[in-house]
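Asks: Have a look at the structure that comes next, please.
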Amino acid sequence: MKNLIVRVTLVVFLFVINVFPKDINNITNSHWETLHLYHGENQKAGPFAFDDDYVEFEFGGRYEWLDLYGYIDFIDALNSSTSDKHGQNNFFADIEPRISIDYLTNTDLSYGALQELFIAFDIYYSDEPNGDGLKIVWMGLGSDIDIPWLGISGVNFYTRYVEENYGASNENSFDGYVAHINWFKPLYNFTDSRFLSFQGYLDYEFGSDLDNNSFERQYRTSDSLQSYLGLWVHDKKWTAGYGLKVYKNMTQWKDGEVLNGKETKTSGYAHYFNIGYKF
Numbered sequence: 000m001k002n003l004i005v006r007v008t009l010v011v012f013l014f015v016i017n018v019f020p021k022d023i024n025n026i027t028n029s030h031w032e033t034l035h036l037y038h039g040e041n042q043k044a045g046p047f048a049f050d051d052d053y054v055e056f057e058f059g060g061r062y063e064w065l066d067l068y069g070y071i072d073f074i075d076a077l078n079s080s081t082s083d084k085h086g087q088n089n090f091f092a093d094i095e096p097r098i099s100i101d102y103l104t105n106t107d108l109s110y111g112a113l114q115e116l117f118i119a120f121d122i123y124y125s126d127e128p129n130g131d132g133l134k135i136v137w138m139g140l141g142s143d144i145d146i147p148w149l150g151i152s153g154v155n156f157y158t159r160y161v162e163e164n165y166g167a168s169n170e171n172s173f174d175g176y177v178a179h180i181n182w183f184k185p186l187y188n189f190t191d192s193r194f195l196s197f198q199g200y201l202d203y204e205f206g207s208d209l210d211n212n213s214f215e216r217q218y219r220t221s222d223s224l225q226s227y228l229g230l231w232v233h234d235k236k237w238t239a240g241y242g243l244k245v246y247k248n249m250t251q252w253k254d255g256e257v258l259n260g261k262e263t264k265t266s267g268y269a270h271y272f273n274i275g276y277k278f
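If you count the sequence shown from 1, position 246 lands on 245 in numbering that gives the first Met the number 0, and the numbers rise without skipping.
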């Protein structure tokens, strides 16, 4: 299956390069940074749901061949004893670089709804002082596609390399695939500088072999889905938003099992409220 996907991808890529060559002259360099304070209720990451307040530094931009998005989360940012994450590991990073194939080949690969092609990566990192943390790299083919109503959205397909996964059996191996989409849709302009947006993403991880021992066969899954659906108000320097997050077997934990005397909660909904300052 993996060899078939690679062959099909190469054939499509070579076909597009040879049939639709054009000059590139419309790349605009840019960057942005925003600092958010989030309150999350009924969040899911691991086998149990939790509530927490956290600070997120979010950034992105474009420089010639590099399209970059990422964020760094500082969990239990208010150092609150009521946080379910109080006194635990408080650092999580997600960095998503994409390298433009159009730019590197000096070729405009756009065709129809397809705007640009990328070599895409997504790097997850979370340190764990008392054992294995999280070090995962997604790598594959990315694209910008003009989707009806949503507009230009990032659509990427990855394979996963898992270096660390909190001690799970799929560490130090290629394990599974990911289908990803993200979007940013302005909905309504209040003034020239203030507007309402619909923004979010969907990740579907599948094809994992995380069932190599009796514990994993009982508690883990081969797939996982999460989607963030946000309504945000943006101004020149400030933003505020609400997001509904939808989960199915989040981080490949089965929902509704009893683990260490508690019921696992990895499917369902979470609510996110945030305010942010734009630099």
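Glycine included, C-beta positions come from ideal geometry on N, C-alpha and C.
Predicted model only: the values in this text are computed from it and were never measured.
I need the DSSP call for Thr33, collapsed to helix, strand or coil.
Replies: For the purposes of this step, residue 33 is taken as the residue at position 34 of the sequence shown. Looking at Thr33 - three-state DSSP - the assignment turns out to be strand.
Asks: Taking the C-alpha atoms as reference points, what is the distance between Gly111 and Asn25?
Replies: Reading the sequence shown from its first residue, position 112 is the one you call residue 111. Reading the sequence shown from its first residue, position 26 is the one you call residue 25. Straight-line measurement puts the Cα of Asn25 at about 17 Å from the Cα of Gly111.
Asks: Of the choices Asp52, Gln42, Asn105, Ala119, whose alpha-carbon is the least far from that of Gly69?
Replies: Taking the first residue of the sequence shown as 1, we reach residue 69 at position 70. Gly69 has its Cα closest to that of Ala119, out of Asp52, Gln42, Asn105, Ala119.
Asks: Excluding the 5 residues preceding and the 5 following His85 in the sequence, name in chain order all residues of the same chain whose CB lies nearer than 6 Å to its CB.
Replies: Residue mapping note: residue 85 aligns to position 86 of the sequence shown, counting from 1. The answer, listed in chain order, is Asp75.
Asks: My guess is that Ser142 and Leu116 are in contact by the Cβ rule of under 8 Å, so how many angstroms apart are they, rounded?
Replies: Position 143 of the sequence shown holds residue 142. Position 117 of the sequence shown holds residue 116. At roughly 6 Å, the Cβ-Cβ gap stays under 8 Å, so Ser142 and Leu116 are in contact.
Asks: With DSSP as the reference, label Thr104 as helix, strand or coil.
Replies: The residue given as residue 104 occupies position 105 in the sequence shown. Thr104 falls in the helix class under three-state DSSP.
Asks: At the level of alpha carbons, what is the spacing between Trp148 and Gly199?
Replies: Mapped onto the sequence shown, residue 148 falls at position 149. Mapped onto the sequence shown, residue 199 falls at position 200. Cα to Cα, the separation comes out at about 14 Å.
Asks: On the three-state DSSP scale, how would you describe Ser226?
Replies: Within the sequence shown, the letter at position 227 stands for residue 226. If DSSP states are grouped into helix, strand and coil, Ser226 belongs with the strands.
Asks: Taking only runs that begin and end inside the segment 161–216, name each unbroken beta strand (DSSP E) of 3 or more residues, in chain order.
Replies: Listed in chain order, the beta strand (DSSP E) elements of length 3 or more contained wholly in the segment 161–216 are 172–188, 194–205.
Asks: Please determine if the segment 123–135 and the segment 88–102 are in contact, where contact requires at least 3 C-beta pairs separated by less than 8 Å.
Replies: yes
Asks: Mapping DSSP to helix, strand and coil, what is Thr263?
Replies: Residue 263 sits at position 264 when you count from the first residue of the sequence shown. Residue state, collapsed to three classes: coil.
Asks: Give me the Cα-Cα distance between Asn164 and Gly132, rounded to the nearest whole angstrom.
Replies: As a first step, residue 164 is located in the sequence shown; it is residue number 165 there, counting from the start. As a first step, residue 132 is located in the sequence shown; it is residue number 133 there, counting from the start. In a straight line, the C-alpha of Asn164 is about 6 Å away from that of Gly132.
Asks: Would Lys43 and Lys264 qualify as a contact pair, given that the criterion is a beta-carbon distance under 8 Å?
Replies: Counted from its first residue, the sequence shown places residue 43 at position 44. Counted from its first residue, the sequence shown places residue 264 at position 265. Yes, the Cβ-Cβ distance between Lys43 and Lys264 is below 8 Å.
Asks: With H, G and I counted as helix, E and B as strand and the rest as coil, what does DSSP make of Gln87?
Replies: Within the sequence shown, numbered from 1, the residue matching residue 87 stands at position 88. In the structure shown, Gln87 sits in coil (DSSP, three-state: anything other than H, G, I, E or B).
Asks: Expressed to the nearest angstrom, what Euclidean distance is found between the alpha-carbon atoms of Leu242 and Val232?
Replies: Translated into the one-based positions of the sequence shown, residue 242 becomes position 243. Translated into the one-based positions of the sequence shown, residue 232 becomes position 233. According to the sequence shown, residue 242 is Gly rather than Leu. Rounded to whole angstroms, Gly242 to Val232 spans 12 Å at the Cα level.
Asks: Would Asn181 pass as a contact of His35 if the rule is Cβ separation under 8 Å?
Replies: Along the sequence shown, one-based indexing puts residue 181 at 182. Along the sequence shown, one-based indexing puts residue 35 at 36. Against a cut-off of 8 Å, the Cβ pair of His35 and Asn181 comes out as no contact.
Asks: Using the three-state DSSP reduction, which class does Gln251 fall into: helix, strand or coil?
Replies: In the sequence shown, the residue the question calls residue 251 occupies position 252. DSSP, read as helix, strand or coil, puts Gln251 in helix.
Asks: Go through its chain and collect everything with a Cβ distance to Gly240's Cβ below 6 Å, but skip five positions before and after it.
Replies: Locating residue 240 in the sequence shown gives position 241, where the first residue counts as 1. Only Gly229, Trp231, Asn273 meet the Cβ criterion.
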